[in-house]
Structures are given as structure tokens and as C-alpha cells.
Amino acid sequence: MTAETKYRVIGTRPIRPDGVDKVTGRAVYGADVKLPRMAHAKILRSPHAHARILSIDTARAEAVPGVLAVITARDLPEASGVVEAGEGGAVNMRDASHNILAHGKVLYQGHAVAAVAATSPHIAAEAVRLIDVEYEVLPPVMNVRRAMEPDAPLLHEDLHTDTAGEKSEQPSNIASRHLAEEGDVEQGFAQAAVVIEREFETATVHQGYIEPHATVAEWRADGQLTIWTSTQGAFAVREQCAEILKHPQSEIRVIPTEIGGGFGGKINVYLEPVAAVLSRKTGRPIKITMDRAEVLTGTGPTPGSYIRVKMGADREGRITAAEAFLAYEAGAYPGSAIGAGCLCVFAPYKLKNVRIDGYDVVVNKPKSAAYRAPGATVAEFATETVVDEICRKLGMDPLDFRRLNSAVEGDWKPWGPPYARIGHLECVEAAMASGHWRSPLQKTASAPDGAFRRRGRGVASGYWMNWDGTSSCTGRLNPDGTVSLLEGSTDIGGTRASVAMQFAEEFGVDYAQVRPQVVDTDTIGYTDVTGGSRTTFGTGLAAVELARRMKAEIRDKLAPLWEVEPGAITWNAGVFSADGRQATVPEAAKLLAEHGQHVIVSVTAKGSNASGAFAVHIADVEVDPETGKVDVIRYTAVQDAGRAIHPAYVEGQMQGGVAQGIGWALHEGYWYDEAGRLRNASLLDYRMPTTLDVPNIECIIVEVPNPGHPYGVRGAGEVPIVPPPAAIANAIYDAVGVRLRRLPMTPDRVLEAILASEAEA
Amino acid sequence: MATALLSDKVAVSATVNGEEVDFLCEPRESLLEVLRDRLGLTGAKEGCNNGNCGACCVILDGRLVNSCCVLGVEVQGSTVTTVEGLGSPDGLTPLQQAFLEEAALQCGVCTPGFLVAAQALLDRIPHPTEAEIRWWLAGNLCRCTGYDKIIRAVQKAAGAASA
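Note that the protein sequences, when read in sequence, are chains A and B.
Mapping of the first sequence onto my numbering: position 756 corresponds to residue 756, and the numbering continues sequentially without gaps.
Mapping of the second sequence onto my numbering: position 18 corresponds to residue 1018, and the numbering continues sequentially without gaps.
Encoded structure:
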């Protein structure tokens, strides 16, 4: 739990290399890019949740002075194929193309229909309103359970349910079914002393990054396309654009700008191909930025869900069986995070008898996208709430229960090999030993206004599987001994620092001697998205390998100068030596440069064992029984980070994830009317937590090294969003004795539950 | 219809980050647009364009405002400070330094707004309590940090200023 002192750089807390630019306003984000002759575009979006497009007349828009071009889906080639987009899942490119400009039908309010390029964004916005679209409005399907009914209106007449490769005969809104079974569930429940089965519903929520999507594309006459964009993965943008535009990847260069948050939502393309086509048409660079309403209605939120979880335990508290039914709203096109939800639903526990049944279902909402531990949060909300109920029934401490049932190395998990070395048990034990858990909670309190409040404490575990993927780094030894470290991973939360630190540790130099830069797709080898909590792990692996190869190359080039064999040169703590000669890295760099020798090395590394991350959270809440308002008054997050390269940035991930989890638990949700229109498409009405909604968040970093990484790193970014909804729901129960099984747990729902329980009593 | 799209521009003079500037803008342009598109000051960000996220915060004649909710033509004769106006070429302000040391930013896109807002707070209340900091910064949304380290950075900067 304490950082070992064998490292010089790892475990320290240096300032990030991009920090000064970011506190002085100089960092260039997507919307800050400006090119000579740049024009601007706006998107026309569907007002209907479900409608057939009968006609589109662009004549009035085209007549506006300053309008340069208008495009619709007709201007895109018919795309096909599937692109792997990391934890965003596989992207069907026909669907992706139809999602960025509607083809025949609009499938959600906010679905892009046409785009206008003009000399100013205001002219483009005015002209967009002059496009005449004739719609035949169709009945929308806004809820996963309704969408699964046989008589539900169909979104896609050619969609058939895929069950392990078998297609259903009848078309359906159910895109796929995922089933995993182990042992004998019926027998397991028969052995149980307590069986609890509950239903849960969760609302669609958004990643809520503060920077709206923004892109600039320039299509030159020779066919070379350059795209500046705010993305989690420049190569993912290149690949998707190539498929959608039917343009060779070699002709597309993607320059990632600084990115103002992503959380999974900036992997799929929305604007880039549209800007590219408009640029080709106008011969000018085209910039498109979304406004906030477009972000909420027109990008990819996380799925709403319906979940049923049934668990049984014997008298000693051992889980005897577990069963889950999960149905996720994919949105307008197939591809929710249902697979990950199924994988995570029971992940913290050792299970012998288990059955998991998951459904990916299309509804008339925006096509869902990844959101921090995609699919896991709602699934584990259900499980962890049921576990709490079992503990109450058995009169068992919830951390004792988790310690008893914790999954450990070698235990079964659905799909894939058994668990490698994991740290759930260590997190449970750290939570038990925490100051928070050991300090008693006063169960009632009076607020500053004199009103009466009830307090409660809840705990929950969480799991996210993490992703390995492929990363590249290029290192150039400069004559002054510094190293230019080029990376393909966009830096959302400090990964320039965490990757450079691993390089510095391995290369035997100070952190300040490493100059990391995030570069474009023509400058660096293939790199998967910054997602799946993979960058510090996977790009870190590449950086460590790079340091090793650069040391070898320095040895090879020093050898003839020192007139020794390369094998005779040893390296220790940043110093090369042979035959009584010595050179530090800067000395070696200078010597090599003087002899016209330069060291430039590129590495592409594929990780193979990201290993999962576990967390255990403790929440104290205060409930106003008169209004149902819930305040989180104390919060502790315990998490296995494998090895915390930069502990402050790991804490930052934990605290940020907790805050998003608190928002998901208490405030956030898409509110649709009967016609399928989103009624809270602004940051006033889509209520993300403010400084007043979250307390300081105490962090306990557990370090159970991941054997799949030379320094033991596990991805840390995603798992902290998983436990908060359940921890808070369990704390609400502890405070007021009611179980909330719908997210968000808004004051009206909490109050309704309190009043219902009082009426029962 | 067409002519209505091409509004006349208005000449405006103001002091921005200590420099006298003159610019032409359309009456419908927000101060945020003017700063970003006409003056090349892209530090202030658009997160919502309706005053709910605080990413575009600037100090206008001593008052903290969301520049997306002020028109460019309104700043005639006024003094505006943006994030680019904090600190100096050879040094960061205690707040900027504390944000770096305390890891108070992740993606950094809300950071300019938080720095300007927090500076406006410290200009008024040099030693705020945690409750005062949280209250004052409630108009600035951050989605990455959970606010913990931002609050600590402001506390640290306030402490450093008194030292």
C-alpha cells in the first residue's frame, strides 16, 4: 500500500509537461484551430425521434449569400465493413455513416440530416434553418423493455437478433443476445438460505465532457486530407474516415488537438467526415463545432438499461448462485456496452453457479457510445444493491461479506481466461482498515436551517476489466542529453507525464530530461485510442521498451568510439561504462553527436495482460426526509492501481470518477417526452455535479502489481465510476430504510419511496 | 431574408489584458466570440454558450462574468481580463502555480474559467474558507477532477499569497 522506494521517478508527483500551456490559456483544443481561408459549417438535425425522410430541399439555404455548400447523405459513399474502435467496440461503418448523416430515416431527435458550409458560423446556422425537410413521422420506441416486445415499432427492418452467430428469422429491435453459464444455477439457489431478486432501471446519461466536439478538415486538390480534431484516438478517426469516405488511409493525416475530456465519447466520429466532404466541395478548410444541445442530442451517451439480478447465499454468507438479465439501450444502431456489462456484473465475486443473459436493443435515442467503464456501472449498481440486501437479511457486515466471497487469482470469469492476479480482496481489507470505515457515523443531524436530517453509510465494490491494445513511441536522443518522446496517445488526464516518468525510470534519466509530445498519424506508429484505462499501461509498455532499445543502440554506437565490443559496455543507473570509461546519458549523447551519430528509435508494442482493476467505495449520505434530497457528506475510494506511477494523477482519476458516479446516482438522466424529444438538453437541466454536490474525496491507493507490466501498472481511469451509485443507494437505505432501484435517485423518487414506506408502516 | 443575415459591424474600443484594443464586431457576437475569433484570445472556452458551465469566465470591469452572456458591443470603454492576462511572461500567478502543483487539472479545458473565477474570488476575499471557495466556484463545471484538487489549489494559493 505504500510506494516502494526502489524507484527514482515512479511514485513521485512532478508537474505535467503540458501544464503551463493549460494554465495560461495557450493550449490549443479542437475549437481553437484556425486556418487561412477557413469556412464554417453547421449541421441540420432531426426534430423527430423516428421519421422517414420524404424529401430534402436545400435550394433556399443555397441561395443565402455567404453559403458555400450544402450536403446530405447523398454526398457520402455507401460505406461498409467493420472497424475495431477499442472499448468503443466494433463499429459497423454503414451504421456509422448513416449516423453522421441520416440515410432514408431519422432514428432519434438530433440525428444529423444535412450540413451547410458558409463564410461565417452565423450564416451557416441561419441557412441550416432554411433547409426544407419533409418527414413522415413514425411512432418512436423510447424504452428498452418496450423495444423488446414483439409488436414494438421496428427501427431497422433488416435487423435480426444475433445469438452466438445465429440470426433470428423475424426482424427485431434486439440486435444481439449474450449468454454465459457456469455450474447449476437452480441447484445453487436451492442451497441458499437467502435469495433476493430485484429489478433495476437506469436512465441514459452523458459523459459530459466540458469541450464540445470540434473539428477542422482540409481536403486539398491532390486528395490529401488533413483533419485537426479533438479525439481520444487519432488513428481511430483516420480509420473511420477512410471507411466512411472511401478514401485511402495513407491520404488522411489526423492531427489530434488537446482534448477537453472524452470519457469514451470522443472515439466515434461525428463531424470529421462531414467537414471533409464540405472541404472537398468548397476547396476551403472547414471547421465544425457542436453546441451543447448538439452534444447532448447528437453524440453518444451511455445506454439506459433494465436489469434483473437474483442472488442467493447460504447462512454463512457464501454466495451459492447468481443470475442476471441485462437489457441495454444501444440507441439508434446496434452496439451498446452490453458485453462488458455481462462481464462485469458479478465480477468481484467467486461464483460456482452463475447465469448471465444480456441483450443489445435498439431504441430511438442517439447511438450509445462508451462512457468510463462502459456497461459496468449500471450492472454493478444492481448487483451491489442486491448484495447489500443479502447482508441485511443475514445480519452480516457488508465488507465481511465481500471479503468472504471475493474473487481471487484463478477464479472463473465469464468469457476469457480465469482471473490473473487481482486486488479486490486487498481493496476490501484496506476499506475495513480505513479511517472512514472505523469512525462511527452519527445517524441523525440537524441542518443549518434547523431541519432534521438522517444519515447513512453504504459500501460497494466495482470492477473494470481494462484494455491492453497497441501503442507506439518514438524516442530521439538530443545532443544535450534530453529525449524527445513522441507518442500517439492523446493526453486527457496527465499521460504525457505518466508515460514520460516510466521512460525516465527505465532510461536512467531525470523526468525533466524527457520531453513528451503527442503527435499526428503521419509522425508516429499505430496507437489505439486513449480508452479502456490503457494509456499509462499500454503506452507505458511502449515507452519502457523504447528506453531499453535506445540504451542498446547507444551501446552499439558507443562501442566503435570506445573501441570495445557493444557487449562489453554495461549500463547502471544511467551511466554507460566499459574498460574504465564512463558516460552518463548526456555525455554519451554529446559524444555521439560530435561523431555524427544520432539515436532515433521507434517502438510499437502490443500489451497482452492489462489485468482488471477493482475498487471498494464507502459513502456517507445525509437525507432530508421532508424533500428527499440526498447530500454526500463523506466519501472514500479504495482502488487497486497495480503501481501508481504518478499518485496525484491516480487520485485525480479516482476523484473524477467518483464525482461522475455521484452525478449518475443522484442527478443525471435524459428526460424524454412522449414524442421522444429530449427535454433537458442543456447544462442547466442536465444536472452535472458542481462544487456544492461533492465532498472532498478521500483516496486510498492499493498496489497489487499487475504481472503484465514491468512496473505493475493497472489501468486506473475507469473503475472509480462504478461503485458510487450502489454505495450511495446502500447509504440511503441505511439512512431512511428505503431501497432505490432506479437511477437517478432524484429527490422526488427518494421522497416517493420514503412516503410509500411510511404508508406501509 | 438575405440582407438580414449581413448585419452592420460596430467599432468597439476596450482594454483587454492591459492593452488597448479596437475591433469590429456584429451586434449579435458575444464577448466570447470576439475574444476568440477577433482578438485571437482562445483561452476562454465555449462549453455551453448559455452561462451554465463557466468555461468562458472573464473579469469585466472587476466583475466575474460568463463572456458568452455578454455582447461584444457591450464592452465599449471597459476593461477585460482573460486567462491570458493572468501572470506575466516570466512568471505564473500563485493560483496558476498551485493548480499545477496540486494536480488541479486533467483535460484542462475548464481550467481557464476556474483560474479567472478563483482569481476574482481571491481579489475580493484573500483568505476564503472552503465553503466560500465551493460557493464561489459553483458556477464552474469540471468533469474530470471531482473538484477536490481544485479546492485545495485555491486554498494553497490563498495561503501562499499571505506568506
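All C-beta atoms in this analysis are idealised placements derived from N, C-alpha and C, irrespective of residue type, glycine included.
Keep in mind the model is a prediction, meaning the values are calculated, not measured.
Quick one: what's MET311(A) bridged to in DSSP? Beta-bridge pairing links MET311(A) to ILE196(A), ALA322(A).
Helix, strand or coil: which one does DSSP assign to TRP464(A)? Secondary structure at TRP464(A): strand, using DSSP grouped into helix, strand and coil.
Let me confirm a value: LYS105(A) is counted as buried when at least 16 other C-beta atoms fall within 10 Å, else exposed. Which label applies? Looking at its Cβ environment, which holds 16 or more other Cβ atoms inside 10 Å, LYS105(A) is buried.
Taking 7 Å as the CB-CB cut-off, is ASN1017(B) touching chain A? It does not; no Cβ of chain A falls within 7 Å.
For ILE1151(B), return the contacting residues in chain A, with the cut-off set at a CB-CB distance below 9 Å. Going along chain A in sequence order, the residues near ILE1151(B) (Cβ under 9 Å) are THR691, ASN696.
Hey, VAL601(A) and LEU546(A): beta-carbon distance below 7 Å or not? It is a contact, given that the beta carbons lie within the stated cut-off.
Would you please verify whether the beta carbon of PRO1112(B) is less than 7 Å from any beta carbon of chain A? Nearest CB-CB separation between PRO1112(B) and chain A: below the 7 Å threshold.
Per-residue contacts from ALA1055(B) into chain A (C-beta, under 7 Å): Chain A residues near ALA1055(B): ILE210.
Would you verify that the beta carbon of ALA3(A) is, or is not, closer than 7 Å to some beta carbon of chain B? Its pLDDT being 46, under 50, ALA3(A) is placed unreliably by the model, and the measurement read from it follows with that caveat. So no, ALA3(A) is outside the interface.
Would you verify that the beta carbon of ARG1124(B) is, or is not, closer than 7 Å to some beta carbon of chain A? Cβ-Cβ to chain A under 7 Å: no for ARG1124(B).
Assumed close pair LEU477(A), THR523(A) - CB separation to whole angstroms, cut-off 8 Å: The beta carbons of LEU477(A) and THR523(A) sit about 17 Å from each other, so the pair does not count as a contact at 8 Å.
Who are PHE452(A)'s beta bridge partners in DSSP? Checking the DSSP bridge columns, you'll see PHE452(A) partnered with SER446(A).
With a threshold of 7 Å on Cβ separation, who are the neighbours of THR521(A) within its own chain once the five nearest residues in sequence on each side are excluded? ALA234, PHE235, ARG238, ARG253, VAL254.
The beta strand (DSSP E) enclosing VAL57(A), as first and last residue numbers: For the sequence presented, residue 57(A) should be read as Asp rather than Val. Looking at the DSSP string, the run of the beta strand (DSSP E) that includes ASP57(A) is 51-57.
Checking contacts by CB at 7 Å: is GLY11(A) closer than that to chain B? False, the Cβ-Cβ gap to chain B never drops below 7 Å.
Return the Cβ separation of GLY265(A) and ALA369(A) in integer angstroms, given the expectation that the two are a contact with Cβ distance under 8 Å. Contact holds; Cβ gap of about 5 Å.
Indicate the three-state DSSP secondary structure (helix, strand or coil) for ARG330(A) in the structure shown. Inspection of the sequence shows that residue 330(A) is occupied by Ala rather than by Arg. Looking at ALA330(A) - three-state DSSP - the assignment turns out to be strand.
Per-residue DSSP class, three states only, for ALA1004(B): Here the model assigns ALA1004(B) a pLDDT of 38, short of 50, so the residue's position is not dependable, and the following value carries that caveat. Helix, per DSSP.
Can you grab the Cα-Cα spacing for the pair LEU1121(B) / GLY494(A), in whole Å? Approximately 27 Å between the Cα atoms of the pair.
Which residues bound the alpha helix (DSSP H) around HIS122(A)? First-last of the alpha helix (DSSP H) with HIS122(A): 121-128.
Quick one: Cα of PRO171(A) to Cα of VAL354(A), how far? Answer to the nearest angstrom: the Cα atoms are 30 Å apart.
Measuring alpha carbon to alpha carbon, tell me which residue in VAL1073(B), LYS1045(B), CYS1144(B) is nearest PHE1023(B). Looking at VAL1073(B), LYS1045(B), CYS1144(B), the one whose alpha-carbon comes closest to that of PHE1023(B) is VAL1073(B).
Helix, strand or coil: which one does DSSP assign to THR282(A)? The answer is helix: DSSP assigns THR282(A) an H, G or I state.
Own chain partners of ASP310(A) with C-beta closer than 6 Å, once the 5 adjacent residues on each side are dropped: Looking at the sequence provided, one finds Lys at residue 310(A) rather than Asp. These residues qualify, in order along the chain: GLU197, GLU323.
For LYS606(A), count the other beta carbons within 10 Å of its own beta carbon; 16 or more makes it buried, fewer makes it exposed. Which is it? Exposed.
Can you pull the chain A neighbours of ASN1052(B), defined as C-beta to C-beta under 7 Å? Within 7 Å of the CB of ASN1052(B), the CB atoms of chain A belong to SER682, LEU683, LEU684, in sequence order along the chain.
Residues in the same chain with beta-carbon distance under 6 Å from ALA659(A), minus the five sequence neighbours each way, listed in chain order, please. PRO689, VAL694, listed in sequence order.
Does DSSP classify LEU486(A) as helix, strand or coil? In the three-state scheme derived from DSSP, where H, G and I count as helix and E and B as strand, LEU486(A) is classed as strand.
Spatially closest choice to THR956(B) from LEU1137(B), LEU1141(B), LEU1060(B), by CA coordinates: Since the first residue shown for chain B is 1001 and the last is 1163, residue 956(B) is missing from the structure and cannot be characterised.
Per-residue DSSP class, three states only, for ARG1028(B): Look at ARG1028(B) here: in three-state DSSP terms it is coil, with no helix or strand label.
Please compile the residues from chain B whose C-beta is within a distance smaller than 7 Å of the C-beta of VAL658(A). Chain B residues near VAL658(A): GLY1146.
What separation, rounded to the nearest whole angstrom, lies between the Cα atoms of ARG220(A) and PRO77(A)? Looking at the two C-alpha atoms, the distance is approximately 19 Å.
For PRO586(A), which residues in the same chain have their Cβ closer than 7 Å to its Cβ, ignoring the five residues on either side in sequence? Spatial neighbours of PRO586(A) in its own chain (CB-CB distance under 7 Å, excluding positions within 5 residues in sequence) are listed in chain order as ASP480, GLY481.
Backbone CA spacing between GLN502(A) and GLN1106(B) [nearest angstrom]: Distance from the CA of GLN502(A) to the CA of GLN1106(B), rounded to the nearest whole angstrom, comes to 19 Å.
Rounding to the nearest angstrom, what Cα-Cα distance links GLU718(A) and ALA313(A) in this structure? Cα-Cα distance, rounded: 29 Å.
When the Cα of ALA732(A) is compared with those of HIS206(A), PRO747(A), PRO720(A), VAL722(A), which residue comes out closest? The question names Ala, yet the displayed sequence has Ile at residue 732(A). Minimum Cα-Cα distance from ILE732(A) among the listed residues HIS206(A), PRO747(A), PRO720(A), VAL722(A) corresponds to PRO747(A).
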